[in-house]
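Asks: Before we start, here is the structure in question, set down as structure tokens.
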Amino acid sequence: MFKGKFIDNLPKIYGLYTGGFALFFIIMMIAEKNGASAKSIGVMFLSFTIAIYALIGVLSRTMQVSEYYVAGREVPTVFNGMATAADWMSGASFVAMAGGIYYGGYTYMAFLVGWTGGYVLVSTLLAPYLRKFGCYTVPDFIGTRYGGNIARLCAVVVLVLASFTYVTAQINATGTIASRALDIPFTSGVWIGLVSILLCSMLGGMRAVTWTQVAQYIVLIVAYLLPIFWISWKSGFGIFPHFQLGEEVAKIAALEAQFGLVKNSAAAIKAAGVPGGLSYISVPHSAAPAGAMAAWKYISLAICMMVGTASLPHILMRYFTTPNVTSARRSVAWSLFFIFLLYFSAPMLATLSKIQLIDPSLPTSIIGKPIDQVMAIEWVKNWIHVKQAFIADFNKDGILQLNEWFMRGDVVVLATPEVAGLPYVVSGLVAAGGMAAAMSTADGLILAIANALSHDIYYKMIDPKADVRTRLLVARILLVVIGALGAYIASMRLTSILGAVAWAFDFAMSGLFFPLVLGVWWKRATRQGAIAGMVLGLASGTAYLVHVAPAFNNNTPWLGIDHLRFGIIGAIVCLVAMVVVSLATEEPDSATQKMVDEVRIPSGRSILGKH
Amino acid sequence: MASAKQEAHWNDTKGLMRITLAIWFFFSIVIFMFGHDLNSVKVPLLGYPLSYYMTAQGSLAAFVILIFWFAGKQEAIDRKHGFSDAERTED
Numbered sequence: 001m002f003k004g005k006f007i008d009n010l011p012k013i014y015g016l017y018t019g020g021f022a023l024f025f026i027i028m029m030i031a032e033k034n035g036a037s038a039k040s041i042g043v044m045f046l047s048f049t050i051a052i053y054a055l056i057g058v059l060s061r062t063m064q065v066s067e068y069y070v071a072g073r074e075v076p077t078v079f080n081g082m083a084t085a086a087d088w089m090s091g092a093s094f095v096a097m098a099g100g101i102y103y104g105g106y107t108y109m110a111f112l113v114g115w116t117g118g119y120v121l122v123s124t125l126l127a128p129y130l131r132k133f134g135c136y137t138v139p140d141f142i143g144t145r146y147g148g149n150i151a152r153l154c155a156v157v158v159l160v161l162a163s164f165t166y167v168t169a170q171i172n173a174t175g176t177i178a179s180r181a182l183d184i185p186f187t188s189g190v191w192i193g194l195v196s197i198l199l200c201s202m203l204g205g206m207r208a209v210t211w212t213q214v215a216q217y218i219v220l221i222v223a224y225l226l227p228i229f230w231i232s233w234k235s236g237f238g239i240f241p242h243f244q245l246g247e248e249v250a251k252i253a254a255l256e257a258q259f260g261l262v263k264n265s266a267a268a269i270k271a272a273g274v275p276g277g278l279s280y281i282s283v284p285h286s287a288a289p290a291g292a293m294a295a296w297k298y299i300s301l302a303i304c305m306m307v308g309t310a311s312l313p314h315i316l317m318r319y320f321t322t323p324n325v326t327s328a329r330r331s332v333a334w335s336l337f338f339i340f341l342l343y344f345s346a347p348m349l350a351t352l353s354k355i356q357l358i359d360p361s362l363p364t365s366i367i368g369k370p371i372d373q374v375m376a377i378e379w380v381k382n383w384i385h386v387k388q389a390f391i392a393d394f395n396k397d398g399i400l401q402l403n404e405w406f407m408r409g410d411v412v413v414l415a416t417p418e419v420a421g422l423p424y425v426v427s428g429l430v431a432a433g434g435m436a437a438a439m440s441t442a443d444g445l446i447l448a449i450a451n452a453l454s455h456d457i458y459y460k461m462i463d464p465k466a467d468v469r470t471r472l473l474v475a476r477i478l479l480v481v482i483g484a485l486g487a488y489i490a491s492m493r494l495t496s497i498l499g500a501v502a503w504a505f506d507f508a509m510s511g512l513f514f515p516l517v518l519g520v521w522w523k524r525a526t527r528q529g530a531i532a533g534m535v536l537g538l539a540s541g542t543a544y545l546v547h548v549a550p551a552f553n554n555n556t557p558w559l560g561i562d563h564l565r566f567g568i569i570g571a572i573v574c575l576v577a578m579v580v581v582s583l584a585t586e587e588p589d590s591a592t593q594k595m596v597d598e599v600r601i602p603s604g605r606s607i608l609g610k611h
Numbered sequence: 612m613a614s615a616k617q618e619a620h621w622n623d624t625k626g627l628m629r630i631t632l633a634i635w636f637f638f639s640i641v642i643f644m645f646g647h648d649l650n651s652v653k654v655p656l657l658g659y660p661l662s663y664y665m666t667a668q669g670s671l672a673a674f675v676i677l678i679f680w681f682a683g684k685q686e687a688i689d690r691k692h693g694f695s696d697a698e699r700t701e702d
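Chains as they are written, first to last, in this note's numbering: chain H, 1 to 611; chain E, 612 to 702.
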């Protein structure tokens with residue numbers, strides 16, 4: 001039934017895969033009806049999906065350099081869009097985003113604009129040109145455009161710092177999900193997560209990661225959207241919640257006014273013994289705060305996330321895998337479309353989840369009810385038992401007030417199906433989706449780091465005569481080492497998921513954004529300028545982070561630029577240093593200028609190699 | 612130095628880039644400079660407050676449409692100057 005090349009059969013193969021997954025879901029539903037336990041369904045969902053990814057990973061094994069680094073440059077536009085979307089949407093997007101919106105309201109949603117708007121920069125300024133260049137890694141572009149090992153090394157340092165900050169959070173997320181679904185300790189969960197991640201990437205490099213990411217995208221988008229539509233329909237909010245929740249948003253605002261958004265004092269929270277990491281509703285759902293400072297905080301966060309998006313190597317390198325420049329550009333549009341499907345649904349999930357808990361006229365509501373009654377509800381009991389939810393009766397009236405209900409943000413995604421009374425099979429599906437999201441991002445990041453080290457450091461600097469076998473062996477060893485290091489750090493639980501994720505964007509924009517963009521758009525940019533930009537940008541950004549981060553020196557941020565936004569400082573320093581030093585040094589030679597001219601047109605041979 | 616044909620192509624490309632980024636700037640930044648004031652406007656038919664709607668859906672959708680539009684325009688520029696590679700799939 002599969003005639004011809006693998007690439008020509010992709011729609012058939014993934015169609016079959018999706019059908020198989022739907023069948024598996026139905027079998028699990030039947031199993032639940034016949035008394036299969038919630039736990040065994042969770043185990044089945046995780047092991048079935050991970051086994052499929054591992055199978056794809058093994059089938060995609062390769063011994064060719066261009067397949068290992070850039071999937072043979074034959075990934076079709078739409079499929080590359082799906083793979084990028086999975087690469088992009090991390091455990092944080094899947095599990096933590098709706099919870100962030102639930103607690104952070106309008107202000108938090110700067111992340112939504114930032115994490116989508118950045119793709120406009122990717123498509124206009126970078127992706128098509130980097131594809132024309134024909135590089136294997138992002139530092140490969142810096143190293144060739146500016147020339148010299150120092151520029152290349154600086155790019156590798158920024159790449160490793162940004163990607164490694166990001167990857168520990170992803171491995172952490174795989175550990176959390178695996179430990180919850182399989183009922184094992186967190187540390188074992190982390191190592192199981194790592195083994196699954198390596199199975200997908202080690203044998204086939206970018207080629208294997210591409211085809212597993214497409215499979216993971218299908219699982220994660222189904223796992224995110226199905227519960228939202230189901231909850232909305234079942235609870236009578238309409239079949240297409242995205243266009244039908246206007247009244248509910250207004251109702252939440254009215255309820256906030258009625259209950260009052262009370263701020264608990266830190267002392268009271270501590271005295272009540274609320275477990276760490278839990279939050280309560282204290283910020284309006286849809287109201288935008290007044291004042292110039294509030295607007296600046298929103299805009300500055302959006303800018304950091306947008307510019308950071310356009311500098312993250314694990315995303316940029318996905319566009320190296322398309323057949324030509326035109327398809328790279330179009331592929332960015334498809335990527336954003338597939339990302340949009342999840343991001344424009346997250347606020348709807350947050351709204352549905354909130355209205356179900358706080359609207360006293362709904363049967364699912366818990367706010368305003370007697371606390372002993374709420375404590376008897378099955379899902380409340382379960383989540384309180386695992387310290388993911390908590391009730392503190394501050395005013396001792398025996399009634400649950402809005403500020404007395406504490407919950408971890410992740411619970412919004414994980415528990416809303418249960419609250420709405422959906423079968424447990426949906427919770428199994430959600431666990432599989434979260435695992436897919438975290439694994440696919442971790443794969444892309446570990447590969448980006450290992451490829452930069454093996455290609456840019458080992459092959460380009462240490463041993464340019466290395467044969468293919470040695471290069472691929474080194475690449476794989478590095479992959480395992482980086483993964484193990486990430487898992488080891490994740491198992492020590494040093495950072496909360498989202499703090500670390502935002503930092504990766506700031507690191508990337510501090511060191512890489514302007515050297516990449518000006519490399520294409522400004523012929524006058526010189527090697528010395530790029531090196532000065534990368535070094536000073538990264539150094540100033542990092543110094544500022546240490547200065548303001550609560551975990552370090554905790555000083556008052558300047559102009560509201562806090563530890564989530566330190567990239568603003570780094571990127572501005574980078575730009576100024578790069579322009580000043582470039583103008584002070586001799587302009588690039590004619591060969592370099594000619595190369596830039598060639599990069600700017602889609603037709604003709606790529607700059608490096610035959611592709 | 613770049614040929615006259617390449618110069619013309621790059622000028623068109625720069626022009627398209629500026630228009631695209633101006634639209635991007637409007638949807639990602641300008642609207643949210645006035646987030647508080649615009650929120651008192653209700654989106655017709657849907658009923659969401661305007662700034663809330665833009666940050667939850669509107670701007671996101673605008674970006675998706677913008678990038679597809681941009682890709683189409685840039686392909687036209689590439690074809691006009693004879694630099695298109697859309698047919699080329701060397702491997």
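Even for Gly, the Cβ is constructed at its ideal location relative to N, Cα and C. Predicted model, so just to flag it, every value in this text is computed and none were measured.
Where Thr107 of chain H and Pro289 of chain H are concerned, what is the direct C-alpha to C-alpha distance, given to the nearest angstrom?
Replies: 8 Å
Asks: Counting contacts by CB-CB distance shorter than 8 Å, is Val675 of chain E in contact with chain H?
Replies: yes
Asks: Quick check: the Cα distance between Val222 of chain H and Leu564 of chain H, rounded to an integer number of angstroms?
Replies: 31 Å
Asks: Could you please give me the residues that DSSP links to Pro515 of chain H through a beta bridge?
Replies: Within the DSSP secondary-structure output, Pro515 of chain H pairs in no beta bridge.
Asks: Please report the distance separating the alpha-carbon of Ala420 of chain H from that of Leu352 of chain H.
Replies: Just so you know, the alpha carbons of Ala420 of chain H and Leu352 of chain H end up roughly 10 Å apart.
Asks: In the DSSP assignment, find the unbroken alpha helix (DSSP H) run with Pro24 of chain H in it and report its ends.
Replies: The sequence shown places Phe at residue 24 of chain H, not Pro. First-last of the alpha helix (DSSP H) with Phe24 of chain H: 10–33.
Asks: Name the DSSP bridge partner or partners of Lys653 of chain E?
Replies: E:Pro660
Asks: For the alpha helix (DSSP H) that contains Phe406 of chain H, what are its first and last residues?
Replies: Run containing Phe406 of chain H: none in the alpha helix (DSSP H); it sits in the beta strand (DSSP E), 405–407.
Asks: Given that a residue counts as buried once 16 or more other Cβ atoms are within 10 Å of its Cβ, and exposed if not, what is Gly260 of chain H?
Replies: exposed
Asks: Check whether the Cβ of Tyr343 of chain H lies closer than 8 Å to any Cβ atom in chain E.
Replies: yes
Asks: Are Ser90 of chain H and Ala438 of chain H close, meaning C-beta to C-beta below 8 Å?
Replies: yes
Asks: Can you give me the C-alpha to C-alpha distance between Ala272 of chain H and Val386 of chain H, rounded to a whole angstrom?
Replies: 17 Å
Asks: For the beta strand (DSSP E) holding Ile184 of chain H, just list the boundary residues, first then last.
Replies: Premise fails: Ile184 of chain H is in no beta strand (DSSP E) and is neither H nor E.
Asks: Taking the alpha carbon of Phe507 of chain H as the point to measure from, which residue in H:Ala475, H:Leu194, H:Gly567 has its own alpha carbon closest?
Replies: H:Gly567
Asks: To the nearest angstrom, report how far apart Val481 of chain H and Val535 of chain H are at their CA atoms.
Replies: 26 Å
Asks: Exposed or buried, which one is Gln258 of chain H when buried takes at least 16 other CB atoms within 10 Å?
Replies: exposed
Asks: List, in order along the chain, the chain E residues whose C-beta lies closer than 7 Å to that of Ser93 of chain H?
Replies: Listed along chain E is no residue with a C-beta nearer than 7 Å to that of Ser93 of chain H; the closest approach is about 13 Å.
Asks: Run down chain E in chain order and give the residues with a C-beta less than 8 Å from the C-beta of Glu247 of chain H.
Replies: Gly658
Asks: Apart from the five residues just before and just after Glu248 of chain H, which ones in its own chain have a Cβ nearer than 7 Å to its Cβ?
Replies: Phe237, Thr351, Ile355
Asks: Assuming Asn9 of chain H and Ser331 of chain H make a contact with CB atoms under 8 Å, what is their CB distance in whole Å?
Replies: The beta carbons of Asn9 of chain H and Ser331 of chain H sit about 20 Å from each other, so the pair does not count as a contact at 8 Å.
Asks: In the DSSP assignment, find the unbroken alpha helix (DSSP H) run with Ile228 of chain H in it and report its ends.
Replies: 205–234 is the span of the alpha helix (DSSP H), which, as asked, contains Ile228 of chain H.
Asks: So, under 8 Å CB-CB, Ser491 of chain H and Gln216 of chain H are touching, yes? Tell me the CB distance rounded to an integer number of Å.
Replies: Actually they do not touch by this definition, with Cβ atoms about 23 Å apart.
Asks: Should Phe681 of chain E be flagged as near chain H, meaning a C-beta pair shorter than 8 Å?
Replies: yes
Asks: Could you tell me how far apart the beta carbons of Val426 of chain H and Pro139 of chain H are, in whole angstroms, since I believe they sit closer than 8 Å?
Replies: The pair is not a contact, with the Cβ atoms about 43 Å apart (cut-off 8 Å).
Asks: Starting from the Cα of Leu613 of chain E, find the closest Cα among H:Gly15, H:Val596, H:Tyr343 and give me that residue.
Replies: Here the sequence assigns Ala to residue 613 of chain E, which means Leu is not the residue at that position. Per the Cα distances, H:Val596.
Asks: Beta-carbon of Asp597 of chain H versus every beta-carbon of chain E: anything under 8 Å?
Replies: yes
Asks: In the DSSP assignment, find the unbroken beta strand (DSSP E) run with Ala389 of chain H in it and report its ends.
Replies: 389–391
Asks: Hey, does Leu498 of chain H have any beta-carbon neighbour from chain E nearer than 8 Å?
Replies: With a pLDDT of 48 at Leu498 of chain H, under the threshold of 50, the predicted position of this residue should be treated as unreliable, though the coordinate-derived value follows. Taking Cβ atoms only, chain E never reaches closer than 8 Å to Leu498 of chain H, which makes this a no.
Asks: From the DSSP output, in three-state form, read off Pro139 of chain H for me.
Replies: Three-state result, Pro139 of chain H: helix.
Asks: In whole angstroms, what is the alpha-carbon distance linking Ile26 of chain H and Met44 of chain H?
Replies: 13 Å
Asks: Decide yes or no for the touch test of the region 533–552 of chain H against the region 597–604 of chain H: beta carbon pairs closer than 8 Å, at least 3 of them.
Replies: Between the region 533–552 of chain H and the region 597–604 of chain H there are fewer than three inter-stretch CB-CB distances shorter than 8 Å, so the stretches are not counted as touching.
Asks: Just the Cα atoms here: how many angstroms apart are Leu59 of chain H and Pro417 of chain H?
Replies: 35 Å
Asks: Whole angstroms is fine: what's the gap from Leu445 of chain H's alpha carbon to Ile197 of chain H's?
Replies: 11 Å
Asks: Please identify, using Cβ separations under 7 Å, the residues of the region 351–376 of chain H that lie next to chain E, in order along the chain.
Replies: none
Asks: 8 Å is my cut-off, CB to CB: does Arg600 of chain H come that close to chain E?
Replies: Chain E places a beta carbon closer than 8 Å to that of Arg600 of chain H, counting this residue as a contact.
Asks: As a quick exercise: from H:Thr585, H:Glu587, H:Val413, H:Thr309, pick the residue whose alpha carbon is nearest that of Tyr224 of chain H.
Replies: It is H:Val413 whose Cα lies nearest to the Cα of Tyr224 of chain H.
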